[in-house]
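According to UniProt numbering, the stretch in the sequence shown is residues 1 to 725, in order.
Take a look at the structure set out below.
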Amino acid sequence: MERRDFIRTTGLIGGAYAFSGPSALANPSMAVPAPTEAFWLDGPMRWAQLAFVERDPGHYDPDFWLSYFKRIHADGALLSAGGIVAFYPTNIPLHHRSDFMGNSDTLGYLVDGCKKQGMKIMLRTDPHAARQDVYDAHPDWIAVTADGKKRRHWANPDLWVTCALGPYNFEFMTQVNQEIMEKFQPEGIFSNRWHGHDICYCEHCTTNFKAATGLELPKAADKLNPTYRKWADWRMKRLRDVWSVWDAGIRKQKPSARFIPNGFPDKVITGKEADLFFADQQARKGLTAPWANGKGAKELRSTLGLKPLIGIFSIGIEEEFRWKDSVQSDAEIRIWVAEGTANGMRPCFVKFGGDIYDKRWMESVAKVYEGYHKNEKYLRNTASMARVGVVYSEQTDKNYGGQPWQQKSGDHLDGVYHNLVESRIPFDMVNDRLLTPDDLKRFKLLILPNIAALSDAQCKQIQAFVDNGGSIVSTFETSLYNEEGQQRPDFGLASLFGVSYDKKVEGPMRNSYLQLRNDAKNSQTQLILKGLDDTPRIINTIYKVNVKPTATFPSPITLIPTYPDLPMEDVYPRVAETDTRELYLRQVGKGRVAYIPGDLDRSFWQLLGTDHGQLLSNVINWALDEEPVAAITGPGVIDVNVWRQANSMTVHLVNLTNPMMMKGPFRELIPVEAQVTVQVPVGAKVTGVKLLMSDQKPKFEVKGGKLTVAVPKILDHEIVALDLA
């Protein structure tokens, strides 16, 4: 959904608006009067989250935080209210009031201060744990493990873990929400850890699951177990009911307010029912790539459209042992926020606890927020300009796996994602359940990185996309299984690929290679082998699907089968070359189809081989068959995103060039320079160009519908803005 459509359908510019969301769907007869005030959702652009700890009342300085919010131009506040601890004078029995609060109203003071500064207020609850008095009064509210024991909290043994799908959430937390809304009238309630932890075997879950399915609860989490799958579907419906009950109660108190869940196990439902969303993607850990925040934003954008998407980021370190009072490096914070913003998210820093032990993060956040505030109009996007869509599949994640070659299946998507970033190709994500012509009309190319589980209807939608002139690149077992994960006798897209399944997956293939057959007279071959001119072969993928061609294909890449890698005396090919193709390219009407039977995308991610990356990039460019909307030349790794606004166009350049790119944290930012060429929208005239984050007005040239501008320095995030008339 483009932003202008969202504004039109939800009435963001005041007046009456159409209700969406789970409460409206659950009760279509909800005739809530339209609010007289302008609807608030699309307003705040820079959020601040202060997550109280129980000791904060009387111990921290609220005026310090109000002053900081004002300094950084924060226009939205996410503040802790209740659940595990109430930070206001609650009247609800068993709702634990902070032992440090006395007669004060910690939350009320901060809410009043934020409202005086014109900030919108979202209040946070956390229902996942409770104290001993709750256990004593309602032991049935507590989660139960598979061995029948009440579940102690894993991090704080003084607490008990609550059941998310029973009366604690449906009844007790509904009362908490009502009290919070009555007292503070916030714009909404955001609930953390609301969805439970693992399978609960309490009396309510046991009875309700049996009534819904006729089955006993599964003994363990196994996504290929039919009972576990039924439990996962039942759990999602129960969470959907919790969302509906809470949202309806909140809207009853304030029609423009919303309940916002911290995560929901289905992005399509999230996109359909949430009018705005907070994405809790706080920071890198382990080997997380720095573009991961952008990837999460792209996935949510694929279902939310341009509804407001707020990205929560931590100023602390997010590793396994959770040092919540820690501080990340300046460079790490800036890159993570830049990735989110470049991909359409609005930043929301989170600080745990009102006391500050280390203030180094504050200048980093202030500098970023001040820059975004100054250039706010260029961040109110109306449409993405990407022409490449990368398909991701929640149903494949849920229903595919079990075989050795199906492990680490998420690496297929990560390999494609990283390759596109390195190739500087603007792209968006596409949910595989949203493949209608209207969903896909803006794309020239769809990439399907082992989208194994596809229904017949989805296969027809992909076929229709190609029939309408679109192109696809597909890898490995794409469409070999139906939406339930049941294997077909042949690919669902066999007629499109021009190959049929030959009953076998080979691998892991040790010491196997791809033969490169360079035909200087064939322009297609030259493009596919670009950058690989000086070698007759490169390493093969780790696994490959055996296929039989059903059409005529060129043979730029063929198989050199596995041969011994030890002892050294025996390391030589037994078969010099074969006619077995490992890349299938064909023209289908005005579209192009590339099928790669090997796990080239996954192998690239696992090995990060230069040749794999070059070949994958070449295949993508061949299939795209058009000039990119923005072309970037110069050194380094730069993530590129292109957006339209009401009267402008922006090219976001996020500089990921760093030796710590795959293992954090970034210690420093390493500047690069670039030349940017942008295709000017047809009928538009460029009236000016700005480099927003460095506050420069560079010289530029427009020729043949293309604008060229030099960017002398990209430190972390630069935004090239074209003012259009």
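The beta-carbon is built from N, C-alpha and C at its ideal position, and this holds for glycine as well.
None of the values given here were measured: they were computed from a predicted structure.
- As the crow flies, the alpha-carbon of T227 is around 21 angstroms from that of S393.
- Between the segment 195-208 and the segment 123-143, the count of Cβ pairs shorter than 8 angstroms is three or higher; the stretches touch.
- DSSP, read as helix, strand or coil, puts Q407 in coil.
- Between K267 and N431 a beta carbon distance of about 6 angstroms is seen, short of the 8 angstroms cut, so the two are scored as contacting.
- Residue M173 holds the alpha-carbon nearest to the alpha-carbon of S244 among M173, S314, P89.
- N511 and F476 do not touch by the CB rule: their CB atoms are close to 20 angstroms apart, not below 8 angstroms.
- In the pairwise beta carbon analysis, the segment 432-452 is classified as touching the segment 389-405: at least three pairs are separated by under 8 angstroms.
- One alpha carbon belongs to P556, the other to L600, and they sit about 16 angstroms apart.
- By the criterion of at least three beta-carbon pairs nearer than 8 angstroms, the segment 331-350 is in contact with the segment 663-682.
- Residues of the same chain with a CB within less than 8 angstroms of the CB of L516, apart from the 5 flanking positions on each side, are L529, L532, T535, P536, R537, I538, P556, I557 in chain order.
- Residue pairing by DSSP leaves D534 without any beta bridge partner.
- In this structure, the alpha-carbon of E179 lies about 12 angstroms from that of L123.
- In the three-state DSSP reduction, R258 falls in the strand class (E or B).
- Shown here, T687 sits in a strand according to DSSP, grouped into three states.
- Distance from the CA of Q132 to the CA of F259, rounded to the nearest whole angstrom, comes to 28 angstroms.
- Residue environment analysis places S603 among the buried positions, since at least 16 neighbouring C-beta atoms fall within 10 angstroms of its C-beta.
- Beyond the five residues adjoining it in sequence on each side, G58 comes within less than 6 angstroms, by CB distance, of F100 in the same chain, given in chain order.
- Fully enclosed alpha helix (DSSP H) runs of no fewer than 4 residues are not present anywhere in the segment 543-574.
- Residue pairing of V176 in beta bridges, as defined by DSSP: absent, with no partner found.
- Between the alpha carbons of N522 and L514 lies a gap of roughly 19 angstroms.
- Between the segment 150-157 and the segment 58-70, the count of Cβ pairs shorter than 8 angstroms is below three; the stretches do not touch.
- Taking the Cα positions, D723 is about 15 angstroms away from G705.
- Here DSSP, grouped into helix, strand and coil, assigns F52 to coil.
- Ranked by Cα distance from L78, the options F184, R152, V327, P437 are led by F184.
- With fewer than three CB-CB distances shorter than 8 angstroms, the segment 235-242 does not count as touching the segment 398-415.
- Residues of the same chain with a CB within less than 8 angstroms of the CB of G498, apart from the 5 flanking positions on each side, are P549, T550, A551, F553, Y584, R586, V593, Y595 in chain order.
- For the set I84, S455, C202, the Cα lying nearest the Cα of N177 is the one of I84.
- Separation of Q253 and R442 (C-alpha to C-alpha, rounded to the nearest whole angstrom) is 40 angstroms.
- Exclusion of the five residues before and after K70 leaves Q117 as the residues of its chain whose Cβ lies within less than 7 angstroms of its Cβ.
- Under DSSP, the beta-bridge partners assigned to C348 are W47, I312.
- Here the alpha carbon of N647 sits roughly 9 angstroms from the alpha carbon of K377.
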